[in-house]
Amino acid sequence: MEDTSENTRLSNQICLGLVAHVDSGKTTLAESILFQSGRIRTMGRVDHKDAFLDTYELEKSRGITIFSKQAQTNIGEKQVTLLDTPGHADFSAEMERTLQVLDYAVLVISGPDGVQGQVRTLWTLLDRYRIPVFLFVNKMDQPGTDRAKILRGLKEELDERCVDFGSDQDKDLFLENIAVCEDSLLESYLETGEIEEETVRILVRERKLFPCCFGSALKMQGVEEFLGVLDTYMAIPRYPEKFGAKVYKIARDQTGIRLSYMKITGGTLRVKDVLSGQQKDYPDKIWEEKVHQIRIYSGSAFQSVEETGAGSICAIAGLDSTWSGEGIGVEPDAQVPILEPVLSYQVLFPDGEDLHLMLLKLREIEEEVPELHIVWNEQTEEIHVQVMGEVQIEILQNMISERFGVRTEFSSGSIVYKETITKRVEGIGHFEPLRHYAEVHLILEPGERGSGLVLENQCSDDMLDKNWQRLIMTHLAERKHPGVLTGSEITDLKVILAAGRAHIKHTEGGDFRQATYRAVRQGLMKAESILLEPVYDFVLEVPQENVGRAMTDIQKMGGTFAPPEQSMDQTILRGSVPVSEVQDYQMEVVAYTKGQGRMSCTLRGYEPCHNSEEIVEATGYRAKNDSDNPAGSIFCSHGTGFYVEWDEVEKHMHVERVLKEEKPEVKTETTPRSYTLTSSYGWGDEKELEEIFKRTYGSGQERKYGYQKQRTAALAPKTVSARKKEESEEYLLVDGYNIIFAWEELKELSKVNIQAARDKLMDILSNYQGYKKQTLILVFDAYKVEGQMGEVQKYHNIYVVYTKEAETADQYIEKTVHKIGRTHQVTVATSDGLEQIIIMGAGARRLSAKGLKEDIEQAIIDIRENYLGQYERKGNTYLFDQLSEEMTDFMEEIRKGRKQFQGFEK
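Okay, so the sequence shown: first residue is 10 according to this note's numbering, each after it adds one.
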């Protein structure tokens with residue numbers, strides 16, 4: 010925002026935002042600041058429902074901030090607009106929109122709780138928008154709060170450049186802590202022993218230093234000192250002379266007047282000025298409207314002014330086409346928010362209510378709260394709303410009742426899934442009923458996670474006129490295109506307009522809408538689509554005795570995590586887990602840790618769904634039957650239009666393909682995975698698993714015996730007995746690549762030829778199985794081999810499994826253990842520490858790579874001593890030498906005529 014060019018001017022206006030995890034005392038701090046600065050005469054309290062900035066009735070009743078509020082005050086000589094933002098995770102999107110207009114932010118930390126889940130999300134967002142941050146650690150009056158410990162936590166969890174700015178700091182130590190934040194400053198400090206205030210202001214503004222203060226907002230402890238820090242180290246911003254404004258919020262006052270909340274980022278805005286901008290849903294169309302009123306709000310009251318300058322936050326009446334995130338004048342549009350809704354609910358209205366009228370009314374609320382995505386299902390004639398969490402549903406229900414006088418109910422929530430593609434394809438759409446014509450060619454490319462839908466125009470003006478190109482780009486942007494797996498919105502892909510054709514006489518605007526939609530759809534049908542699900546980043550803190558349970562639970566939920574961290578008597582797990590699996594797990598954590606554990610989650614984004622086949626099947630969506638979103642095209646022949654299925658379109662298209670036909674790639678096995686303690690988990694299909702085991706290992710009822718690594722001094726030879734020996738079968742599962750990379754000789758061999766290392770291991774295990782007599786299953790990764798369907802081979806006396814695409818050996822072994830570990834004796838040979846914990850929890854025994862090697866070496870010794878050594882003879886070898894002692898005596902009796910074989914005819 011800062012511009013130091015000649016065409017700028019200083020502004021004494023500073024926009025300061027308060028952000029925090031819910032219940033950290035953020036609104037109380039706002040009250041303290043307003044009271045201390047003389048803006049209010051008495052301090053309100055959240056629990057007394059009289060806080061200055063809690064103006065919405067539901068905010069007072071629930072004791073949380075739902076909508077961002079502003080208050081005007083002075084800190085020193087600076088005019089400050091104080092913005093109080095929501096702290097509850099369900100209203101994080103409202104908070105994120107507000108961040109984009111801040112000059113500085115105050116991050117409020119609860120002293121007793123430290124850095125919580127929402128705080129990490131806030132820190133990430135503050136970094137994304139490059140907002141300078143002051144930290145105020147609140148509730149320091151409560152017992153058990155340790156200032157030094159909290160500061161260490163801030164340095165570890167947030168940034169090592171968090172520095173205590175308390176007045177009781179030793180000056181030399183204080184300056185030294187600041188100096189180490191910047192290398193060049195450290196050199197200067199070592200030479201002079203001083204640091205100027207302006208230098209500190211620059212460090213704070215450039216996010217190279219984060220001042221921390223400690224106190225209690227409720228008891229006014231440390232607040233005055235904190236205001237002094239703000240006054241000293243907040244720099245006056247510069248703004249351009251040309252007019253610019255950023256809209257961050259749309260609202261309506263009690264009389265229904267539409268208000269556009271914006272920050273003036275350049276020049277001056279006056280009443281009666283005419284503003285213009287692009288329409289949100291139709292970027293090629295420009296709106297132009299006049300400013301009727303400029304309001305400067307402070308709490309629930311406002312002051313009307315004739316003009317306002319750069320740096321101010323105001324609400325404008327008279328603008329009906331603005332939208333949240335819009336840039337006006339020289340100001341560009343805001344970045345696309347990171348946070349988005351992950352839950353979907355159907356809105357249930359009373360019988361007889363006009364759904365179409367209610368849809369229009371709900372669009373008003375969606376305009377004010379953009380994260381409330383209102384979705385109309387034309388086929389079922391249902392209204393669905395996508396939200397961040399269940400608390401938001403209560404707020405929406407209250408808003409509908411208050412504003413429209415309609416009582417609503419909501420169905421049980423479901424997860425908001427999305428879809429994307431994995432390969433580059435060309436989508437073709439043709440629309441040519443009689444006296445209409447349009448053809449569109451689009452290139453669909455997979456994008457990075459979180460990139461959304463990116464549009465690009467590469468079409469030549471010689472091929473298609475510019476106005477038709479703009480129209481196609483408008484049609485691509487005007488709707489959320491459904492995928493072909495579940496009908497969910499597509500995301501994380503790039504759509505490129507590559508070619509097109511119009512008719513000089515018959516083409517109309519609506520023709521390109523049809524052709525564009527069909528081109529997108531046809532491309533999706535050709536592509537390999539994958540289902541995406543929302544994923545949380547989590548931090549799970551549990552006592553050390555519960556870490557095994559916690560790790561197993563995360564794995565079962567399809568989550569991943571890094572190696573556990575130790576903190577005092579607590580173990581900390583950090584990772585990610587699907588939103589669909591963790592909804593009620595926080596309460597479960599509290600239960601099994603007896604209140605000593607806690608889990609915090611923040612939205613990470615969308616990643617491939619861990620149970621996509623199950624979700625697709627449950628949805629029951631059939632892309633070919635979706636008449637509202639056809640993938641085929643309409644061509645014309647002899648004056649009659651006819652429909653062509655999507656897979657036949659290329660035979661009829663009028664414009665040549667842009668992408669050339671690609672030759673199929675030879676599928677080769679990639680380098681095996683490396684091993685770390687971070688492991689992913691995915692459940693296989695139970696029926697498929699059952700069939701593999703029956704086909705491969707049989708369905709016998711084996712008894713379960715304890716597996717013991719034996720060092721037998723003497724092994725008795727096999728004997729023949731009249732009684733049939735009771736058989737017991739054991740399973741040994743070996744993680745192939747883990748063993749190869751754990752055994753030095755195989756590891757060195759793998760560097761030369763990985764196939765040779767696999768063959769060597771297979772031979773070693775075949776000999777070992779002949780000694781141990783258990784069912785031995787050797788599992789190798791093929792999860793990176795494209796199109797790999799999974800394969801089970803018999804190699805001599807062992808089974809060799811190559812996993813299917815996207816399935817690791819860990820996953821195969823885990824699901825196998827879960828399937829048979831409770832009813833059979835199963836041992837898993839691996840040195841993957843995490844894998845060992847998981848299989849132990851499933852009832853299997855563990856054997857490390859080193860332990861397996863020692864057992865194999867001992868087996869070789871036993872075979873040599875007890876089998877081969879017994880028959881080392883000098884001279885000839887006779888038939889009886891090969892028999893057991895019992896059989897030898899029996900045959901000797903027969904030779905002497907004392908016994909005979911039963912049933913033997915002389």
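Using N, Cα and C, we set each Cβ at its ideal position, and we do this for glycine too. Here the structure is a predicted model, which means the values were calculated and not measured.
How many whole angstroms separate the CB atoms of residue i and residue j, which I take to be in contact at a CB cut-off of 8 angstroms?
i, j, result
"L502", "N466", "The pair is not a contact, with the Cβ atoms about 16 angstroms apart (cut-off 8 angstroms)."
"E103", "F76", "6 angstroms"
"A765", "L758", "6 angstroms"
"G175", "F143", "About 13 angstroms separates the two Cβ atoms, so there is no contact after all."
"A853", "T836", "6 angstroms"
"K53", "F61", "Rather than Lys, the amino acid found at residue 53 in this sequence is Gly. That belief holds up - the Cβ atoms of G53 and F61 are roughly 5 angstroms apart, short of 8 angstroms."
"C468", "G496", "That pair is no contact at about 29 angstroms."
"V280", "S269", "14 angstroms between Cβ atoms; not a contact."
Roughly how many whole angstroms lie between the Cα atoms of residue i and residue j?
i, j, result
"Y446", "T516", "5 angstroms"
"C618", "T264", "46 angstroms"
"D790", "G567", "19 angstroms"
"L582", "I749", "29 angstroms"
"P141", "D329", "33 angstroms"
"I347", "D474", "36 angstroms"
"P573", "K859", "23 angstroms"
"T51", "F44", "7 angstroms"
"Q575", "E373", "50 angstroms"
"A188", "I204", "8 angstroms"
"E554", "V588", "26 angstroms"
"E86", "G308", "21 angstroms"
"Q579", "V551", "6 angstroms"
"R106", "Q802", "57 angstroms"
"L31", "A98", "In the sequence on display, residue 31 carries Val and not Leu. The straight-line gap from Cα to Cα measures roughly 8 angstroms."
"T8", "N747", "Residue 8 lies beyond the stretch modelled for the chain, which goes from 10 to 915, so this question has no answer here."
"D871", "T812", "34 angstroms"
"T611", "G557", "23 angstroms"
"L25", "L116", "11 angstroms"
"K633", "A640", "8 angstroms"
"G47", "D136", "32 angstroms"
"E185", "G830", "59 angstroms"
"F644", "Y652", "6 angstroms"
"D63", "Q79", "10 angstroms"
"Y306", "Y138", "25 angstroms"
"R767", "T825", "21 angstroms"
In this structure, how does DSSP classify residue i when only helix, strand and coil are distinguished?
i, result
"Q388", "coil"
"A4", "Since the first and last residues shown for the chain are 10 and 915, residue 4 lies out of range."
"L381", "coil"
"T897", "helix"
"T277", "strand"
"S621", "helix"
"L38", "helix"
"G974", "Here the chain has residues from 10 to 915 only, and residue 974 is not among them."
"Q109", "coil"
"G509", "strand"
"S688", "With a pLDDT of only 34 at S688, under the threshold of 50, the placement of this residue in the model should not be trusted, and no figure is reported."
"K180", "helix"
"Q778", "helix"
"F750", "helix"
"N147", "strand"
"H661", "coil"
"W655", "helix"
Next on the checklist: With three or more beta-carbon pairs closer than 8 angstroms as the criterion, would you say the stretch 475 to 484 touches the stretch 520 to 534?
Outcome noted: yes
Next on the checklist: I'd like to know if the stretch 342 to 361 and the stretch 289 to 306 are in contact, where contact means that at least 3 CB-CB pairs between them fall below 8 angstroms.
Outcome noted: Under the three-pair Cβ rule at 8 angstroms, the stretch 342 to 361 does not count as touching the stretch 289 to 306.
Checklist entry - Between the stretch 422 to 434 and the stretch 92 to 111, are three or more C-beta pairs nearer than 8 angstroms? => result no
Item to check | Uninterrupted alpha helix (DSSP H) stretches inside the stretch 528 to 589 (no shorter than 4 residues) | outcome: The stretch 528 to 589 is shown to contain whole alpha helix (DSSP H) runs of 4 or more residues at 556 to 565, in chain order.
Next on the checklist: Going residue by residue through the stretch 451 to 487, where are the continuous alpha helix (DSSP H) segments of at least 4 residues, counting only ones entirely within it?
Outcome noted: 475 to 486
Item to check | Runs of beta strand (DSSP E) lying entirely within the stretch 43 to 78, each at least 3 residues, in chain order | outcome: none
Checklist entry - Would you say the stretch 437 to 454 touches the stretch 654 to 665, given that touching needs at least three Cβ pairs under 8 angstroms? => result Verdict: yes, contact present.
Checklist entry - What are the uninterrupted segments assigned as beta strand (DSSP E) that are 3 or more residues long and contained completely in the stretch 76 to 140, given in chain order? => result 78 to 84, 87 to 93, 113 to 119
Checklist entry - Should the stretch 207 to 227 be called in touch with the stretch 167 to 174, which here means at least 3 C-beta pairs below 8 angstroms? => result Contact holds: three or more Cβ-Cβ distances are below 8 angstroms.
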